[in-house]
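Colleague:
Chains as they are written, first to last, in this note's numbering: chain A, 53 to 301; chain B, 25 to 403.
#1: Using the Cα positions of residue 359(B) and residue 193(B), report the straight-line distance between them to the nearest angstrom.
#2: Let's test the definition: count the other Cβ atoms within 10 Å of the Cβ of residue 156(B) and tell me whether it reaches 16, buried, or not, exposed.
#3: Would you please state the rounded distance, in angstroms, between the beta carbons of residue 335(A) and residue 205(A)? I believe it to be under 8 Å.
#4: Start and end of the beta strand (DSSP E) containing residue 302(B)?
#5: Roughly how many whole angstroms lie between the Cα atoms of residue 136(A) and residue 36(B)?
#6: Along the chain, which unbroken stretches of the alpha helix (DSSP H) at least 4 residues long are found entirely within the segment 246 to 276 of chain A?
#7: DSSP state of residue 212(A), grouped into three classes?
#8: Have a look at residue 129(B) and residue 213(B) and give me their C-alpha separation to the nearest angstrom.
#9: Note down, in chain order, all residues in the segment 242 to 254 of chain A with a beta-carbon under 9 Å from any beta-carbon belonging to chain B.
#10: Looking at the structure shown, is residue 284(B) part of a helix, part of a strand, or coil, going by DSSP?
#11: Mind pulling the chain A residues with CB within less than 7 Å of residue 42(B)?
#12: Can you tell which of 93(B), 65(B), 161(B), 289(B) has its C-alpha closest to the C-alpha of residue 174(B)?
#13: Are the CB atoms of residue 138(A) and residue 113(A) nearer to each other than 8 Å?
#14: Any beta carbon from chain B within less than 8 Å of residue 63(A)'s own beta carbon?
#15: Nearest chain A C-beta to residue 81(B) closer than 8 Å, yes or no?
#16: Using 8 Å as the limit for Cβ to Cβ distance, is residue 160(A) near chain B?
#17: Determine the direct distance from the alpha carbon of residue 207(A) to that of residue 219(A), and round the result to whole angstroms.
#18: Using beta carbons (cut-off 8 Å, strictly below), is residue 377(B) in contact with chain A?
#19: Anyone know if the C-beta pair for residue 278(B) and residue 355(B) falls short of 8 Å?
#20: Please identify the residue among 228(B), 88(B), 267(B) whose C-alpha is closest to the C-alpha of residue 344(B).
#21: For the beta strand (DSSP E) that residue 141(A) lies in, which residues bound it at each end?
#22: Provide the residue(s) that pair with residue 193(B) in DSSP beta bridges, ordered along the chain.
#23: Would you say residue 99(B) faces chain A, with C-beta separation under 8 Å as the test?
#24: With 16 other CB atoms within 10 Å as the buried threshold, where does residue 190(B) fall?
#25: Could you tell me whether the Cβ atoms of residue 15(B) and residue 273(B) are closer together than 8 Å?
#26: What residue range is occupied by the uninterrupted alpha helix (DSSP H) comprising residue 130(A)?
#27: Take residue 262(B) and list the residues in its own chain whose beta-carbon comes closer than 6 Å to its own, dropping the five residues that flank it on each side.
#28: Is any beta-carbon of chain B found at less than 8 Å from that of residue 275(A)?
#29: Hey, out of 230(A), 102(A), 263(A), 275(A), whose CA is closest to residue 194(A)'s CA?
#30: Does any C-beta atom of chain E lie closer than 8 Å to the C-beta of residue 121(A)?
#31: Taking all protein chains shown into account, decide if residue 297(B) is buried (16 or more other Cβ within 10 angstroms of its Cβ) or exposed.
#32: Closest to residue 53(B) by C-alpha separation, out of 369(B), 45(B), 377(B), 81(B), would be which residue?
#33: According to DSSP, is residue 169(A) part of a helix, a strand, or is it coil?
#34: Rounded to the nearest angstrom, what separates residue 247(A) and residue 131(A) at their Cα positions?
#35: Tell me whether residue 27(B) is buried or exposed, calling it buried when 16 or more other Cβ atoms sit within 10 Å of its Cβ.
#36: Tell me which residues share the same chain as residue 379(B) and place their Cβ nearer than 6 Å to its Cβ, disregarding the 5 neighbours each side in the sequence.
Structure follows, in structure tokens:
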């Protein structure tokens, strides 16, 4: 089987978020970029399966829609263990652009399993996986928290309200994964980092797509209010503050 | 001149940071208290290739440069110097020594398992009466034709128990003084080797430090590194690179303490504001930041010289002396910024302060580094 993992290039989760151009663009100055955490967990699970079932998984490819600056993120995925990288040379303006670009390349290849993180940690759109499966006319399974290949068949588990659901699907399909799919991302080994130098990273020119979304403005959340400490015996004051100040009761 | 790291160097730095924060941080205080060796963590560190990270890939090493090594050492040392010193001894002393001066047979037999992390190494130079004065070796390696017979005691040996492969510096021809010294590769499981108890140290307590006694230990002649009498220059050249490792360790101890103190200063309030807003604290942090930057530049300069195959002995002595002394100053100030909290174990900075002290002592005291540096001024 051939697995494709779609990876986004996102700001490190500890980045201090700032905006420019009258709050219409994210200020990228000094930002450290990483593999989107959900995508990295999807890749980790794919690698775990490949390690455990030699021969079952033939190849793991990672694909990213981004300009040349995203290549270090793709190299990191190769250092962790992916066999090949593909970069579609386009700015990932919105979910439809990304899904369209991915669909065009994927439709010309023969992947059996396509994995996407449930969302990207920067825009939290939750859109690309669903759009991609629709554009490819493939089945999709969302909120996948466990993924395995048993006797040549794919077994997926989904978190549902109050329990877990086990699903099987024909291949090819799009799996939209959430946390839980792998414990924690892998740390690249020295050998992996060294090997990433020579692994293939193909750059594919983008197709023309529509950008359906225009971002009007971005706003930062209000700063967290200072913590107020109330004597445990003074329940009356607590209730009054929750009612009058916090306005939550 | 370029101050920018390559993508690969940044990736190694991040990998070391992730390893330290995910693996080492969770039980570093407990291991320090119990003087407990980080067996499982070291196994994972070895699997990731950090113990032979600069070794040629044809001997199963990582093939990385010395700059990458400095970056990795700093990140590991921010969290756990006991693990960092193991990494330094393996990379800088044992593995580098065999790779640079060993013959092909020795590289195939001893270097490969060390560089791949299957085995751990130890470097046995210090003796009860020969620390800074390495020429006064009392341990003898008597020439018995096809083998050497090793007798004597080595002190303060890092990785003494966890290592499988020792490099032992010993005197073969006392009449030749330091020109009679040899460096021998010794299997730790050889008959006649006994270990003293684990040293109950002030800091780096989970590092595995023992004295090692040799009683008529047979070492095959083919285990000698270099020509007869090459032991002293071997030790001195090896320690030149070792200083880069320990300087980077001291740098990491300082920057680890600094990062904790900076964070604390922005959270802790006194007199109605975060203590960072008090100039006495802000100026301390400013001084700490400048010193750390100086130290980092010295480490990277020494590493760069080594990578360019240029002489780096003086640069590495400067880096070691400055970073060790700087780490002592910076960690002391970090404890001061934390106040009472800095004096208790759960905030880490008191441990970092205890660890900093050792960097001024081992692999050449700060005073010995000043001898090296001052002698270079006359050349």
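For every residue, glycine included, the Cβ atom is placed at its ideal position computed from N, Cα and C. A quick note: this is a predicted structure, and the numbers were derived from the prediction, not measured.
Modeller: Short version:
#1: Approximately 39 Å between the Cα atoms of the pair.
#2: Taking a 10 Å sphere around the C-beta of residue 156(B), we find fewer than 16 other C-beta atoms and assign the residue as exposed.
#3: Summary: the structure shown does not reach residue 335(A), with chain A confined to residues 53 through 301, and so no result is reported for it.
#4: In this chain, residue 302(B) is not harboured by any beta strand (DSSP E), its DSSP state being neither H nor E.
#5: Between residue 136(A) and residue 36(B), the C-alpha separation is close to 20 Å.
#6: For the segment 246 to 276 of chain A, not a single whole alpha helix (DSSP H) run of length 4 or above is found.
#7: Strand, per DSSP.
#8: When rounded, the distance between both Cα atoms is 20 Å.
#9: Residues 242, 243, 244, 245, 246, 248, 249.
#10: Residue 284(B): helix per DSSP, three-state reduction.
#11: Under the 7 Å cutoff, chain A gives 239.
#12: Comparing alpha carbon positions, the residue from 93(B), 65(B), 161(B), 289(B) closest to residue 174(B) is 161(B).
#13: Inclusion of residue 138(A) and residue 113(A) in the CB contact set at 8 Å is warranted, their separation being smaller than that value.
#14: No, no contact with chain B.
#15: Yes, residue 81(B) lies at the interface with chain A (some Cβ there is under 8 Å from its Cβ).
#16: Output row for residue 160(A): interface = no.
#17: Taking the straight line from one Cα to the other gives about 6 Å.
#18: With 8 Å as the cut-off, residue 377(B) does not count as an interface residue toward chain A.
#19: The Cβ-Cβ distance between residue 278(B) and residue 355(B) falls below 8 Å.
#20: The shortest C-alpha separation from residue 344(B) is found at 267(B).
#21: Bounds of the beta strand (DSSP E) holding residue 141(A) are 136 to 141.
#22: Looking at the DSSP output, residue 193(B) shares a beta bridge with 207(B).
#23: The Cβ of residue 99(B) sits no closer than 8 Å to any Cβ of chain A.
#24: With 16 or more other Cβ atoms within 10 Å, it is buried.
#25: In the structure as shown, chain B starts at 25 and stops at 403, and residue 15(B) therefore has no counterpart that could be examined.
#26: Counting along the chain, the alpha helix (DSSP H) containing residue 130(A) begins and ends at 123 to 132.
#27: So the list reads 117, 121, once near-sequence residues are dropped.
#28: For residue 275(A), the answer is no, since every Cβ of chain B falls outside 8 Å of its Cβ.
#29: Sorting 230(A), 102(A), 263(A), 275(A) by C-alpha distance to the C-alpha of residue 194(A) places 230(A) at the top.
#30: Among the protein chains in the structure shown, which are A and B, there is no chain E.
#31: Exposed, because fewer than 16 other Cβ atoms sit within 10 Å of the Cβ of residue 297(B).
#32: For residue 53(B), the nearest C-alpha among the options comes from 369(B).
#33: The three-state secondary structure of residue 169(A), taken from DSSP, is strand.
#34: Each residue's Cα considered, the two are about 7 Å apart.
#35: Exposed: under 16 other Cβ atoms inside 10 Å.
#36: Contacts found: 105, 227, 228, 277.
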